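In the UniProt record's numbering, the protein residues as written are 1 to 179.
So this is what it looks like as structure tokens:
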């Protein structure tokens with residue numbers, strides 16, 4: 001698969017994701033590799049003040065970030081909507097322990113999805129998160145990313161809440177298979 005130039009062109013909102021995390025005092029960025037998060041991942045890996053941790057599966061990030069919080073540091077989990085399904089049971093940890101959790105979720109199975117395997121979880125992501133007690137906000141326009149993520153970070157870290165900002169596929173850009 002290749003991603004068309006419109007989806008990979010450097011957009012200011014991509015840098016803003018990292019800037020907001022950094023400004024919120026995030027010291028740990030846990031992630032499963034994802035093209036939609038590539039800029040934030042690259043910037044986190046290059047920042048000596050941030051511990052960027054690649055995960056084998058998304059639910060590992062919830063436990064990792066709980067440990068970081070208990071150790072006095074903030075973190076964020078970057079993942080695709082397909083990974084939300086892997087986290088459902090583990091989302092009980094922040095719900096029961098009242099630990100903060102900040103997630104940034106790139107959407108698949110959303111507008112213009114070419115891979116029908118992504119559709120079921122993509123369509124269920126927001127509802128699944130809400131059912132597990134996670135507050136969600138969706139950004140489909142570049143100008144919404146920074147304010148929504150700053151607000152979610154405040155609610156997570158100052159209010160001990162589980163929060164997720166969903167980055168819609170219209171924002172990220174249409175993907176296509178190239179044969």
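Built from N, CA and C at the ideal position, the CB exists for glycine as well.
Note that this is a predicted model, so its numbers are computed, not measured.
- The three-state reading of DSSP puts residue 141 in coil, since its state is none of H, G, I, E or B.
- In this structure, the straight-line span from the alpha carbon of residue 92 to that of residue 132 is close to 7 Å.
- With a cutoff of 7 Å on beta-carbon distance, residue 140 and residue 102 are scored as not near each other.
- Remark: C-beta atoms of residue 83 and residue 107 do not approach each other more closely than 7 Å.
- Cα atoms of residue 127 and residue 58: separation of roughly 18 Å, rounded to the nearest angstrom.
- When secondary structure is reduced to three states using DSSP, residue 42 falls in the helix class.
- For residue 56, no beta strand (DSSP E) encloses it, and the DSSP letter there is neither H nor E.
- Going by beta carbons, residue 27 and residue 74 fall inside the 7 Å limit.
- Straight-line measurement puts the Cα of residue 30 at about 6 Å from the Cα of residue 61.
- A direct Cα-Cα distance of roughly 13 Å separates residue 65 from residue 104.
- If you keep only unbroken beta strand (DSSP E) runs of at least 3 residues inside the stretch 58–104, you get 74–80.
- Apart from the 5 residues on each side of it in sequence, residue 153 sits with its Cβ closer than 6 Å to the Cβ of 24 and 102 in its chain, given in chain order.
- Inter-residue distance for residue 147 and residue 117 is about 31 Å (C-alpha atoms, whole angstroms).
- Taking a 10 Å sphere around the C-beta of residue 111, we find fewer than 16 other C-beta atoms and assign the residue as exposed.
- Contact between residue 142 and residue 13 holds, with the beta-carbon distance rounding to 4 Å and staying under 8 Å.
- Boundaries of the alpha helix (DSSP H) around residue 20: 12–23.
- Burial is judged here by how many other beta carbons sit within 10 angstroms of a residue's own beta carbon; residue 94 has at least 16 and is buried.
- Bounds of the alpha helix (DSSP H) holding residue 127 are 119–131.
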